[in-house]
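In terms of my numbering, the sequence shown opens at residue 64 and continues consecutively. Note that CB positions come from ideal geometry on N, CA and C, so glycine has one too. Note that the structure is a prediction, hence the values are computed from the model and not measured.
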Amino acid sequence: MTTQLSSLGKRLRSLRKERNLTQRNLAQQAGISVNAVSLIERDEISPSVTTLQSLAGALNVRVSYFFDVDTVARTIFLTAQDRPALTGKGVTIETLGHRLTGQQMEPFVITLEPGAESGQQPVIHTGHEFVYCLQGKIEYNVDSTIFSLSQGDMLMFEASQPHYWRNASAEPTTVLVMLQSSDESENSVRRHFPAHPSLTHLDQSNNT
Numbered sequence: 064m065t066t067q068l069s070s071l072g073k074r075l076r077s078l079r080k081e082r083n084l085t086q087r088n089l090a091q092q093a094g095i096s097v098n099a100v101s102l103i104e105r106d107e108i109s110p111s112v113t114t115l116q117s118l119a120g121a122l123n124v125r126v127s128y129f130f131d132v133d134t135v136a137r138t139i140f141l142t143a144q145d146r147p148a149l150t151g152k153g154v155t156i157e158t159l160g161h162r163l164t165g166q167q168m169e170p171f172v173i174t175l176e177p178g179a180e181s182g183q184q185p186v187i188h189t190g191h192e193f194v195y196c197l198q199g200k201i202e203y204n205v206d207s208t209i210f211s212l213s214q215g216d217m218l219m220f221e222a223s224q225p226h227y228w229r230n231a232s233a234e235p236t237t238v239l240v241m242l243q244s245s246d247e248s249e250n251s252v253r254r255h256f257p258a259h260p261s262l263t264h265l266d267q268s269n270n271t
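Now the structure itself:
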């Protein structure tokens with residue numbers, strides 16, 4: 064347990080900053096004191112299980128995120144209301160399930176506010192990428208070729224090509240994105256969503 068807790072403070076601090084929360088914001092959402100958050104982040108106290116659960120709930124991750132414990136499942140079921148999500152910089156990312164044994168496909172529903180984009184740095188990862196526009200419009204730049212997708216349009220490409228995306232319209236856009244990799248699925252997700260490094264640890268309490 065001591066070895067696991069040694070990095071808990073760093074993980075908590077990193078995740079809090081990723082969510083653009085102050086220590087006071089996090090304390091209020093978790094129902095604990097600001098001093099407790101500060102002490103935990105400095106690894107000066109070991110939080111109780113209850114406190115960890117409160118912090119995980121406030122940050123929308125599994126408790127295991129703090130200990131880097133990987134879990135797998137054979138079947139995943141999520142209702143529309145229970146999809147874990149992250150929101151930041153005009154982008155909402157909902158994961159549709161991961162942690163299957165040997166899983167090679169990572170599905171997401173992504174909602175982009177007008178002007179939201181993946182960033183100036185092109186994304187490159189292994190495997191293939193599938194995009195289906197559910198609502199609105201999205202531009203995908205794949206190896207300097209621009210593809211404009213409207214509702215019902217799809218795009219699939221080898222993800223080793225540099226690519227990035229943006230919502231250039233005046234309305235929100237929602238797309239279904241599937242990332243496929245035969246050897247480094249989690250790394251592909253992290254490269255595709257560099258601003259959300261905790262994405263692969265979103266709470267999935269409905270896994271069975």
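**Message:** Does any residue of chain B have a CB that is nearer than 8 Å to the CB of residue 128?
**Reply:** The structure shown contains no chain B; it holds only a single protein chain.
Given a cut-off of 8 Å, decide if residue 222 and residue 202 are closer than it, judged by their beta-carbon atoms. Walking along the sequence shown from the start, residue 202 turns up at place 139. Walking along the sequence shown from the start, residue 222 turns up at place 159. The answer is no: Cβ separation not under 8 Å.
- prompt: How long is the line joining the alpha carbons of residue 151 and residue 233, rounded to whole angstroms?
  reply: Residue mapping note: residue 151 aligns to position 88 of the sequence shown, counting from 1. Residue mapping note: residue 233 aligns to position 170 of the sequence shown, counting from 1. Rounded to whole angstroms, residue 151 to residue 233 spans 18 Å at the Cα level.
Worksheet entry | Residue ranges of each alpha helix (DSSP H) within the region 75-160, 4 or longer | 86-93, 97-104, 112-122
Checklist line | residue 82 versus residue 259: straight-line alpha-carbon distance, rounded | finding: For the purposes of this step, residue 82 is taken as the residue at position 19 of the sequence shown. For the purposes of this step, residue 259 is taken as the residue at position 196 of the sequence shown. Distance from the CA of residue 82 to the CA of residue 259, rounded to the nearest whole angstrom, comes to 9 Å.
### Counterpart residues of residue 201 in DSSP-defined beta bridges
Translated into the one-based positions of the sequence shown, residue 201 becomes position 138. According to DSSP, residue 201 bridges with 212.
Do three or more CB pairs link the region 134-150 to the region 206-223 at distances below 8 Å? no
Notebook entry, point to check: Where residue 163 and residue 210 are concerned, what is the direct C-alpha to C-alpha distance, given to the nearest angstrom?
Noted result: Residue numbering aside, residue 163 sits at position 100 when the sequence shown is read from its first letter. Residue numbering aside, residue 210 sits at position 147 when the sequence shown is read from its first letter. Taking the straight line from one Cα to the other gives about 32 Å.
- [ ] Tell me whether residue 137 is buried or exposed, calling it buried when 16 or more other Cβ atoms sit within 10 Å of its Cβ.
- [x] In the sequence shown, counting from the first residue as 1, residue 137 sits at position 74. It counts as exposed.
Since residue 224 sits in a beta bridge, which residues does DSSP pair it with? Reading the sequence shown from its first residue, position 161 is the one you call residue 224. Paired residue(s): none; residue 224 is not in a bridge.
Exercise. Can you tell which of 183, 235, 207 has the C-alpha that lies nearest to the C-alpha of residue 172?
Worked result: Counting from one through the sequence shown, the residue named residue 172 turns up at place 109. Of the candidates 183, 235, 207, the one whose C-alpha sits nearest the C-alpha of residue 172 is 235.
| request: On a CA-only basis, which of 229, 93, 154, 238 is nearest residue 185? Give me that one, please. | output: What you label residue 185 is simply residue 122 of the sequence shown in a count that begins at 1. Here the closest residue by C-alpha is 229.
- prompt: How many whole angstroms separate the CB atoms of residue 119 and residue 128, which I take to be in contact at a CB cut-off of 8 Å?
  reply: The count along the sequence shown starts at 1 and reaches residue 119 at position 56. The count along the sequence shown starts at 1 and reaches residue 128 at position 65. Contact flag correct, Cβ pair sits at about 7 Å.
Skipping 5 residues on each side, what residues in its chain have a beta carbon closer than 7 Å to that of residue 72?
Residue numbering aside, residue 72 sits at position 9 when the sequence shown is read from its first letter. If we look at residue 72 and ignore the five residues flanking it on each side, its Cβ neighbours are 103, 104, 105, 106.
_On the criterion of 16 or more Cβ atoms from any shown chain inside 10 Å, does residue 135 qualify as buried, or is it exposed?_
The residue labelled residue 135 in the question sits at position 72 within the sequence shown. Per the 10 Å Cβ criterion, exposed.
- Query: With DSSP run on the structure shown, which of helix, strand or coil describes residue 188?
  - Reply: Along the sequence shown, read from residue 1 onward, the residue named residue 188 stands at position 125. Residue 188 falls in the coil class under three-state DSSP.
Quiz prompt | Assigned secondary structure, residue 66 (DSSP; H/G/I helix, E/B strand, else coil) | solution = Here residue 66 is taken as the residue at index 3 of the sequence shown, counted from 1. Bear in mind that a pLDDT of 31 at residue 66, under 50, signals an unreliable position, so the number given afterwards is only what the model happens to contain. It is helical.
Taking the beta strand (DSSP E) that residue 164 falls in, what are its first and last residues?
-> Numbered from its first residue, the sequence shown carries residue 164 at position 101. Careful: residue 164 lies outside any beta strand (DSSP E) and carries neither H nor E.
_Taking its Cβ as the centre, do 16 or more other Cβ atoms sit within 10 Å of residue 181, making it buried, or is it exposed?_
Sequence index remark: in the sequence shown, residue 181 carries index 118 (1-based). It counts as buried.
| request: Using a threshold of 8 Å, state whether the C-beta atoms of residue 95 and residue 109 are closer than that. | output: Here residue 95 is taken as the residue at index 32 of the sequence shown, counted from 1. Here residue 109 is taken as the residue at index 46 of the sequence shown, counted from 1. For residue 95 and residue 109, no; Cβs fall outside 8 Å.
Exercise for review: Measure the Cβ-Cβ separation of residue 194 and residue 154 and say whether it is below 8 Å.
Suggested key: Looking up residue 194 in the sequence shown gives position 131. Looking up residue 154 in the sequence shown gives position 91. Against a cut-off of 8 Å, the Cβ pair of residue 154 and residue 194 comes out as no contact.
Can you give the Cα-Cα distance for residue 170 and residue 149, rounded to whole angstroms? As a working mapping, residue 170 is identified with position 107 in the sequence shown. As a working mapping, residue 149 is identified with position 86 in the sequence shown. Straight across, the Cα-Cα distance linking residue 170 with residue 149 is about 14 Å.
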